[in-house]
Amino acid sequence: MIKVLTVDDHPLLREGIAAVLEGEQDVELVAEAANGQEAIELFRRHRPDVTLMDLQMPGMNGIETIVAIRSEFPDARFVVLTTYQGDVQAFRALKAGASGYLLKSMLRKDLLETIRAVNAGKRRIPPEIAAELAEHMTEDALSDREIEVLRRVADGNSNKIIGAQLSVSEATIKGHMKSILSKLGANDRTHAVTIAIKRGFIDG
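In the UniProt record's numbering, the protein residues as written are 1 to 204.
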């Protein structure tokens, strides 16, 4: 039997997963967690073969939870569940040790196949996310400072205020913004924030 742990803060999604797994001969749902802390405790108790991990959770997010569990159990296998197709989130999740990546809209169609593949030691990434990853991997990664600037733009701050907050000149912030717009292919600040949220550089 493949033992599965589900981690998601939405009860409806957990119910949906339970319904998909119910009645399968080779897959058993052993536990459900609503947050990262609970996930760590339940993982210790049940030692699941595959953990289905939501990325966006209050408190401890999915990537932090994966890192925490893998520091104790390096062989733990994860399939990340998310509503976002953001390539940055996918990259971070895979870097943290996830073996699979599933959009929540694909659960009915691909969940069982993904669980079985990851349990067998394979990686499973949907073609559209793999394509996004390949496309963005090199040419347009934002630097940590650019992400910091964009976060502050998203909070409604002007270049002048951001410059003061980061102890640099307004001209420096303008330079960062120019680079951000160019890398993201954005028309203006608002567009840049929208793209950055969609791709997972910053949280919405």
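The beta-carbon is built from N, C-alpha and C at its ideal position, and this holds for glycine as well. In this text, all values refer to a predicted model and were calculated from it rather than measured experimentally.
Going by beta carbon distance, what residues of the same chain come within less than 6 Å of residue 111, once the five residues before and after it are set aside? The sequence position of residue 111 within the sequence shown is 111, counting from 1. Around residue 111: 20.
Any chance the CB of residue 39 is under 7 Å from a heavy atom of the ligand MG? The ligand MG is absent from the structure shown, which contains no ligand whatsoever.
Pairwise C-alpha distance: residue 179 and residue 226: Residue 226 falls outside the range modelled here, since the chain spans only 1 to 204, and no answer is possible.
Considering only residues of the same chain and omitting the five flanking positions on each side of residue 211, which have a CB-CB separation below 7 Å? The question about residue 211 has no answer, for the chain in this structure spans 1 to 204.
Have a look at residue 84 and residue 121 and give me their C-alpha separation to the nearest angstrom. Residue 84 sits at position 84 when you count from the first residue of the sequence shown. Residue 121 sits at position 121 when you count from the first residue of the sequence shown. One C-alpha to the other measures close to 25 Å.
Below 8 Å between beta carbons: does that hold for residue 24 and residue 3? As a working note, residue 24 is residue 24 in the sequence shown. As a working note, residue 3 is residue 3 in the sequence shown. Going by C-beta atoms, residue 24 is not nearer than 8 Å to residue 3.
When the distance is taken between beta carbons, is residue 150 closer than 8 Å to residue 201? In the sequence shown, the residue the question calls residue 201 occupies position 201. In the sequence shown, the residue the question calls residue 150 occupies position 150. Taking 8 Å as the Cβ cut-off, residue 201 and residue 150 qualify as a contacting pair.
Looking at residue 153: is its Cβ nearer than 8 Å to the Cβ of residue 118? The residue you call residue 153 lines up with position 153 of the sequence shown. The residue you call residue 118 lines up with position 118 of the sequence shown. Their beta carbons are not under 8 Å apart, which means residue 153 does not touch residue 118 by this criterion.
Going by DSSP, name the residue or residues bridged to residue 224. No answer is possible for residue 224: the residues shown for the chain start at 1 and end at 204.
Local conformation of residue 3 per DSSP, three classes: In the sequence shown, residue 3 corresponds to position 3, counting from 1. Reduced to three states, the DSSP call for residue 3 is strand.
Alpha carbon to alpha carbon, how far is residue 96 from residue 102? Within the sequence shown, residue 96 is the residue found at index 96, counting from 1. Within the sequence shown, residue 102 is the residue found at index 102, counting from 1. C-alpha separation (whole angstroms): 16 Å.
In angstroms, rounded to a whole number, what distance separates the CA positions of residue 127 and residue 94? Translated into positions along the sequence shown, residue 127 becomes position 127. Translated into positions along the sequence shown, residue 94 becomes position 94. Distance between the alpha carbons of residue 127 and residue 94 is about 15 Å.
According to the Cβ coordinates, are residue 60 and residue 35 closer than 8 Å? Stepping through the sequence shown from its first residue, residue 60 is reached at position 60. Stepping through the sequence shown from its first residue, residue 35 is reached at position 35. Yes, Cβ-Cβ distance for residue 60 and residue 35 is below 8 Å.
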